[in-house]
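A short worksheet on the structure shown next.
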Amino acid sequence: MSGTKAMKMNILDEFEIKGFWKLPESEEEVSGILFYSKDKITLELLGSFGDEYDIPNKLNRYDIVHGFSDKGEEFTLFDVYMSTFSFNAPGILTESYLVSEFIVGANFKSKEEIEFYSMSIYPTYLAEWLDRRNFIGKYDENRNLKSIEWLDSVAFEYRVEELNVNIKEIQYINESANTQHKFNWTTQTGLQITPNKTKNLEWFLDVSHSLKNLLTLIINQPIHIIRYNFYGDIDTTIGGNEKYRKKYCYFRTVRNLTIKPKFDESSAFVKFRDIEDSFEFIINNWFKVQAEYETIFDLYTSEFYKTRYINSSFLSAIQSLETYHRKKFNTKLFNEETYSSFAEKIIEYAKKETPEFASKIEGMLGYGNEVSLSKRIKELLGNMGEDIKEYIIGEKPKQKKFIQQLVDTRNYLTHFDKGKKANLLESFDELFYATQRLKALQIVIMYKELGIEENFVFDKIKNTNQFSWHLPKAKKVLN
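Letter 44 of the sequence shown, counting from 1, is numbered 44 in our numbering, and no numbers are missing.
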């Protein structure tokens with residue numbers, strides 16, 4: 001789609017921007033087209049950024065490229081790499097560049113100078129999950145639709161003290177009409193993030209990524225942000241009593257992005273109405289524990305966004321539980337001071353008697369005071385109620401067996417040595433259902449860190465399609 005205003009587009013759209021492009025420190029403009037799709041951003045130039053006598057180099061890379069479109073929009077392109085060039089004599093030199101991301105609305109000189117007052121993001125499935133039902137139809141006595149009315153719902157606005165920020169539910173409304181026979185009225189639900197002072201681009205993107213992960217955890221679907229709007233200083237070019245802030249749009253590539261044509265609310269692990277009264281509390285806790293447990297949350301949510309291979313999914317879940325235990329329990333085999341004293345003596349001896357092995361021994365001793373995976377899982381299970389453990393795994397003998405299955409299988413997938421591993425899980429079904437159990441354990445742990453009662457999580461596990469089907473089946477396969 002050419003001749004397009006990028007401000008009206010979102011990350012799901014494909015479009016072309018015709019315009020002139022230049023480097024920030026240069027006055028020389030080059031004609032070209034910016035091609036956008038969610039998988040790839042390309043800038044095609046009819047000419048060159050270099051001197052006309054320079055030979056193009058595929059190593060050419062520019063931090064910033066400025067653009068001005070035929071529709072009057074300003075662009076700032078970031079991390080621009082040359083991919084191909086072509087020259088024919090007689091003919092015109094052409095260059096093609098890959099672009100990592102770009103902002104519509106201004107020519108910024110550097111990323112470091114960019115600061116915004118607020119940001120609005122529009123995640124997939126958010127509207128369906130909130131289930132506001134803003135439209136209401138009015139019918140005549142024959143049940144013929146006569147009009148549609150918009151009902152303002154009570155949108156939430158929360159204060160997140162950890163970030164000194166307000167998070168507010170908002171609506172982005174699109175309408176188009178042919179007054180003779182057609183009227184289209186659509187909305188997108190988003191979140192407006194307004195800090196107590198201006199913040200840079202990376203700060204806003206980090207917060208949006210964190211909120212995306214929280215929604216992924218709760219909704220139990222891969223969440224994608226399909227529109228980023230940023231707002232800056234008051235726009236003095238607009239007259240009248242109303243004051244508007246300058247608006248900017250942000251675009252980047254999002255590979256492997258798929259969206260369900262219809263989102264089924266029953267797919268969500270937790271429905272909004274079940275936590276509406278405590279959602280502000282949950283968001284605040286999320287940002288409180290995010291720094292300490294970011295790796296655990298990322299390992300869980302990243303599984304929603306990549307091609308799933310059962311071995312890597314199993315190992316990722318194990319790693320998440322191990323990392324959590326290490327941070328939460330800090331269990332060691334020996335007192336740290338005692339162990340350090342022993343380790344120093346062993347290393348000193350090794351350097352003296354077997355210097356060729358000293359560095360290897362020193363590396364091994366770096367982890368020598370860590371407890372086993374078996375003990376870690378036992379302690380994690382010991383921190384959960386009996387009912388939920390029995391529902392996910394089974395009674396105590398089955399729990400003991402499952403722990404050994406995890407240990408044997410993790411060791412085999414790490415070292416590929418079967419040895420005498422009597423409880424090794426080898427088939428796809430065994431690994432799949434073991435991973436489902438691990439995911440259920442991850443969810444219990446993460447929700448408890450967010451301040452949610454275990455009984456509430458247990459109820460959701462029993463009544464969610466994924467776990468209510470997979471966990472009973474896991475007992476038949478694994479027990």
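Glycine residues also receive a C-beta, built at the ideal position from the N, C-alpha and C atoms. Computed from a predicted model, the values in this text were never measured in an experiment.
Given I223 as reference, the closest of Y231, V99, L214 and K71 once Cα atoms are compared: If we check each option's Cα against that of I223, L214 comes out closest.
Can you name, in chain order, every residue of its own chain whose Cβ lies under 7 angstroms from the Cβ of S83, other than the five neighbours on each side? These residues qualify, in order along the chain: S96, Y97 and L98.
Residue range of the unbroken beta strand (DSSP E) whose run includes F467: Going by DSSP, F467 is part of no beta strand (DSSP E) but of the alpha helix (DSSP H) stretching over N465 to L478.
I need the DSSP call for Q171, collapsed to helix, strand or coil. Here Q171 sits in strand by DSSP.
Check whether the segment 308–328 touches the segment 228–237, taking contact to mean three or more Cβ pairs, one atom from each stretch, closer than 8 angstroms. No, the segment 308–328 is not in contact with the segment 228–237.
Reduced DSSP secondary structure (H/G/I, E/B, other) of G137: Three-state result, G137: strand.
Only counting the same chain, and skipping five residues up and downstream in sequence, which positions put a Cβ closer than 8 angstroms to that of L46? When the five nearest sequence neighbours on each side are left out, the beta carbons in the same chain lying within less than 8 angstroms of the beta carbon of L46 are those of V30, S31, G32, I92 and T94, in order along the chain.
Where do the N-terminal and C-terminal ends of the alpha helix (DSSP H) with G382 fall, by residue? For G382, the enclosing alpha helix (DSSP H) has its first and last residue at L373 to G382.
Tell me which residues share the same chain as K138 and place their Cβ nearer than 8 angstroms to its Cβ, disregarding the 5 neighbours each side in the sequence. In chain order, L145, K146, S147, I148 and E149 place their CB closer than 8 angstroms to the CB of K138, counting only its own chain and leaving out the 5 sequence neighbours on each side.
For K199, tell me which candidate among L23, W21, W129 and E112 has the shortest Cα-Cα distance. Just measuring C-alpha positions, the residue of L23, W21, W129 and E112 sitting nearest K199 is E112.
Going straight from the alpha carbon of R133 to that of F87, what length do you get? So the two alpha carbons sit approximately 57 angstroms from each other.
Taking the Cβ atom as the reference point for each residue, do P24 and H66 lie within a distance shorter than 7 angstroms? With respect to H66, P24 sits close: the two C-beta atoms are nearer than 7 angstroms.
Among S427, K448, K345 and N463, nearest to V477 - alpha-carbon criterion: For V477, the nearest C-alpha among the options comes from S427.
My understanding is that L441 touches I403, with C-beta atoms under 8 angstroms, so please give their C-beta distance in whole angstroms. Actually they do not touch by this definition, with Cβ atoms about 11 angstroms apart.
Whose CA, out of I219, F279 and R255, lies closest to the CA of E265? Ranking I219, F279 and R255 by Cα distance to E265 puts I219 first.
V154 burial status per 10 Å Cβ neighbour count (16 or more: buried): Answer is exposed; the Cβ neighbour count stays below 16.
Suppose contacts are defined by Cβ-Cβ distances below 7 angstroms. Is A6 in contact with E73 by that definition? In contact: A6 and E73 (Cβ atoms closer than 7 angstroms).
Evaluate the contact criterion for the segment 162–174 versus the segment 185–196: three or more CB pairs, one atom per stretch, below 8 angstroms. In short, these stretches touch, since the Cβ pair count reaches three.
Measuring CA to CA, which of T414, D233 and W469 is closest to Y117? Of all alpha-carbon atoms in T414, D233 and W469, the one lying nearest the alpha-carbon of Y117 is that of D233.
Grouping DSSP H, G and I as helix and E and B as strand, with all else coil, what is Y305? Reduced to three states, the DSSP call for Y305 is coil.
Can you give the Cα-Cα distance for E44 and I167, rounded to whole angstroms? Those two C-alpha atoms are separated by around 39 angstroms.
Do L205 and K38 count as a contact pair if the criterion is CB distance below 7 angstroms? Taking 7 angstroms as the Cβ cut-off, K38 and L205 do not qualify as a contacting pair.
Close beta carbons around I461, own chain, < 8 angstroms, minus the five adjacent residues each side: So the qualifying residues of the chain are I388, Y391, I392, A440, I443, V444, F467, S468 and L471.
Rounded to whole angstroms, what's the CA-CA distance from D152 to A127? Just pull it up for me. Distance between the alpha carbons of D152 and A127 is about 14 angstroms.
Where does R132 fall in DSSP's three states? R132: coil per DSSP, three-state reduction.
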